[in-house]
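Quick note, the first sequence lines up with residues 1 to 304 if you use this note's numbering. Below is one structure, written out as structure tokens; the observations come after it.
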Amino acid sequence: MPELPEVETTVNDLNQKVRNRTFVDVWTDFEKMIKKPPGFEKFKRDIQGKTILKVRRRAKNILFDLSQDMVLLVHQKLTGHFLYGRWKFEGGIWRSELKGNLAAPINRFIHLVFFLDNGDQIALSDLRKFAKAELWSAKELEGSKEMRELGCEPMEEEFTFEKFKECLLSRRGKIKQILMDQNAIAGIGNIYSDEILWKAKVHPCSRLDSLDDEQLKAIYKSAKSILASAIKLRGTTVLSNVEEYRGVSGGRGGYQARLKVYRRDGLSCPVCGGKVERLKMNGRSWHFCPKCQKLKGKGCAKSK
DNA sequence: CGATTCCCCTGATAGC
DNA sequence: TGCTATCAGGGGAATC
């Protein structure tokens, strides 16, 4: 699912394809995707004629900077992903145009399609229908609570170890939860926080205030290196039959082959050979190696 | 005010 | 075969 590396890959892909393109029209079969009132009709009216100046990322949000100081914000949530190409709506399904003799790839989960002035399209596929798209004025978005409160960007150069500690300041509780808190550090979700903590040899239930400088440094370094290599490999496309994250040309990411603990419960830890465990916390699955990631102090209360 | 729970969705899978 | 229950999960809102 799209976390920082997947969003970053999508943004890079989109920048290569759609800079200076102008929105001509937009289609949806799921108007609730446009969360911001008054809804789809105004969204459609307002986006027509706007030119894409640049695409960028903030936390897990994709931001299209548009002409006339407008911004298109898309959050992909769990299964949302953009596809770029030319699609045809036929028999209630979007099908991409034939390439040679290949059968036309179809995608039953496309719920939003932007039509561009060169005849190409940007489609948003989203099996779970959790994604959202909104149109903001740049000023309004900048001042909005959801943007203002976002935490540090871990891939920025200024993200030093000192900065990292500052970002965690005043937070308390379990380190895994803090790593996933978008208002502390932005862009990290369930997959990469599992992997970062494994590499740092820190138990996900460790309280922040129980960690010493050495452990914090390990987390900081792991975060930087894991996110960087995941970006290099174009993100993670989780091994499952569920239609999930893809690059905008439809290709899978490559990082899933590097996962050490995420969704590997029952398998052996590549470092110590011990069994990877899964822990249910707040309706989420946490994965870790109990042998490599020793817990100091109070643990997780059992939860269903 | 902080911490927890619910809810939005739907496809794959397991159990009967 | 076909039904039902369970799981996956980001983040905002409601509730404790």
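Backbone N, C-alpha and C fix where the C-beta goes; we use that ideal spot for every residue, glycine too.
Can you tell which of the options has its C-alpha closest to the C-alpha of residue i?
i           : options               : result
residue 85  : 249, 58 and 38        : 249
residue 50  : 74, 187, 14 and 114   : 114
residue 195 : 232, 27 and 286       : 286
residue 276 : 147, 45, 96 and 267   : 267
residue 129 : 108, 143, 145 and 146 : 108
residue 292 : 271, 189, 60 and 142  : 271
residue 220 : 257, 153 and 243      : 153
residue 82  : 66, 61 and 98         : 61
residue 20  : 164, 136 and 118      : 118
residue 274 : 260, 207, 244 and 170 : 260
residue 284 : 212, 190 and 53       : 190
residue 387 : 38, 40, 45 and 16     : Any answer about residue 387 is impossible in this case: the structure gives the chain only from 1 up to 304.
residue 202 : 96, 12, 294 and 44    : 294
residue 137 : 70, 217 and 2         : 70
residue 14  : 41, 26, 89 and 124    : 124
residue 141 : 231, 192 and 65       : 65
residue 164 : 1, 91, 94 and 216     : 216
residue 227 : 44, 179, 159 and 192  : 192
residue 211 : 59, 139, 185 and 168  : 168
residue 43  : 179, 26, 185 and 162  : 26
residue 68  : 89, 46 and 75         : 46
residue 90  : 110, 38, 76 and 262   : 110
Does the beta-carbon of residue i have 16 or more other beta-carbons within 10 angstroms, so that it is buried, or is it exposed?
i           : result
residue 240 : exposed
residue 247 : buried
residue 280 : exposed
residue 8   : buried
residue 103 : exposed
residue 79  : buried
residue 3   : buried
residue 242 : exposed
residue 307 : Shown here, the chain extends from 1 to 304; a query on residue 307 therefore has no answer.
residue 174 : buried
residue 131 : buried
residue 57  : buried
residue 206 : buried
residue 144 : exposed
residue 222 : buried
Kindly indicate the opening and closing residues of the alpha helix (DSSP H) around residue i.
i           : result
residue 46  : 40-47
residue 179 : 175-180
residue 222 : 213-232
Can you find the residues in the same chain that come closer than 6 Å, C-beta to C-beta, to residue i, ignoring five residues on each side of it along the sequence?
i           : result
residue 149 : 183
residue 278 : 265, 285 and 287
residue 106 : 93 and 95
If you follow the beta strand (DSSP E) that residue i is part of, which residue opens it and which one closes it?
i           : result
residue 13  : Per DSSP, residue 13 belongs to no beta strand (DSSP E); it is in the alpha helix (DSSP H), 4-18.
residue 61  : 61-66
residue 281 : 277-281
residue 191 : Taken as a continuous stretch (DSSP letters only), residue 191 belongs to no beta strand (DSSP E), being part of the alpha helix (DSSP H) at 190-200.
residue 52  : 52-58
residue 73  : 70-75
residue 28  : 23-28
Taking 8 Å as the limit between beta carbons, can you name the residues of its chain near residue i, skipping five residues before and five after?
i           : result
residue 209 : 172
residue 225 : 199
For residue i, which residues from the same chain have a beta carbon less than 7 Å from its beta carbon, with the 5 sequence-adjacent residues on both sides left out?
i           : result
residue 134 : 34, 35, 36 and 73
residue 235 : 5, 6, 9, 245, 253 and 255
residue 237 : 244, 245, 246, 252, 253 and 256
residue 24  : 48, 115, 116 and 117
Those runs of the beta strand (DSSP E) which lie wholly inside the region 79-161 and span at least 3 residues: 80-85, 87-90, 93-96, 110-116, 121-126 and 132-137
Uninterrupted beta strand (DSSP E) stretches inside the region 235-287 (no shorter than 3 residues): 277-281
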